[in-house]
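Just add 5 to the spot in the sequence shown (first one is 1) and you have my numbering. Ideal Cβ positions, reconstructed from N, Cα and C, are used throughout, including at glycine. Keep in mind it's a predicted model, so treat the numbers as computed, not measured.
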Amino acid sequence: MAPAVFAGVGGLGAVAGVLGAASASRITARRGLRTVRIAAALTTGVGVVPLVIILADSSVLPGPAALWVGTLCALSGFCTSVSAVAGADLIARLCPPERIGAVAGAQRTVTMGIMPVSALLFGLLGALLGTTIAAVAWFALAIAAAAPCLRLQNL
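Structure, rendered in structure tokens:
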């Protein structure tokens, strides 16, 4: 992928993330938290499927691979932002007031701390076992992210 295309794909994902964050409250108000979080996880997971296909055989899908990767990045950015913003008030609703700061800080530490670790682990997985295996693992984890949301109330 050419550097300009790579930058464009990243930019598309970032813009979609901003749009997702901006629309999350309206979407959650209409659909409910549980539905939104489950749908975001499953949509992201399904969005990984074209990437797995491209990595296995890029001639299977119509059009340029960069278009499919860009669509995946946009979908992932949008769904991740919607999911994160939709559940932003969970801590305030579920924690005693005196614990909100500690719980929010712990959540932020885990959320932000896992990003570089997961990037390194998936890079290592891709280098050792191939990018298709890494993409399949990404797909499985994205789908599995819906499981904890099954216990949420549809607020």
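In angstroms, rounded to a whole number, what distance separates the CA positions of residue i and residue j?
{"i": "Leu125", "j": "Pro153", "result": "25 angstroms"}
{"i": "Leu47", "j": "Ala150", "result": "8 angstroms"}
{"i": "Thr49", "j": "Thr85", "result": "8 angstroms"}
{"i": "Leu146", "j": "Thr76", "result": "19 angstroms"}
{"i": "Ala132", "j": "Gly22", "result": "28 angstroms"}
{"i": "Cys100", "j": "Ala93", "result": "13 angstroms"}
{"i": "Leu60", "j": "Ala7", "result": "17 angstroms"}
{"i": "Thr116", "j": "Ala44", "result": "20 angstroms"}
{"i": "Gln158", "j": "Arg39", "result": "6 angstroms"}
{"i": "Ser64", "j": "Thr137", "result": "15 angstroms"}
{"i": "Gln112", "j": "Gly16", "result": "27 angstroms"}
{"i": "Phe144", "j": "Gly118", "result": "21 angstroms"}
{"i": "Gly135", "j": "Ile148", "result": "21 angstroms"}
{"i": "Val51", "j": "Arg156", "result": "21 angstroms"}
Check whether the Cβ atoms of residue i and residue j lie closer than 7 angstroms to each other.
{"i": "Arg31", "j": "Ser88", "result": "no"}
{"i": "Gly128", "j": "Gly82", "result": "no"}
{"i": "Ala140", "j": "Leu130", "result": "no"}
{"i": "Ile96", "j": "Ala79", "result": "no"}
{"i": "Ala91", "j": "Ala29", "result": "yes"}
For residue i, report the span of its alpha helix (DSSP H) as first-last.
{"i": "Gly13", "result": "Pro8 to Arg36"}
{"i": "Ala71", "result": "Ala70 to Ala91"}
{"i": "Gln112", "result": "Ile105 to Leu134"}
At least three beta-carbon pairs within less than 8 angstroms, the region 49-57 to the region 101-108: no
Three or more C-beta pairs closer than 8 angstroms, one from the region 113-129 and one from the region 26-39: is that the case here? no
Does the contact criterion of 3 or more C-beta pairs under 8 angstroms hold for the region 11-20 versus the region 63-70? no
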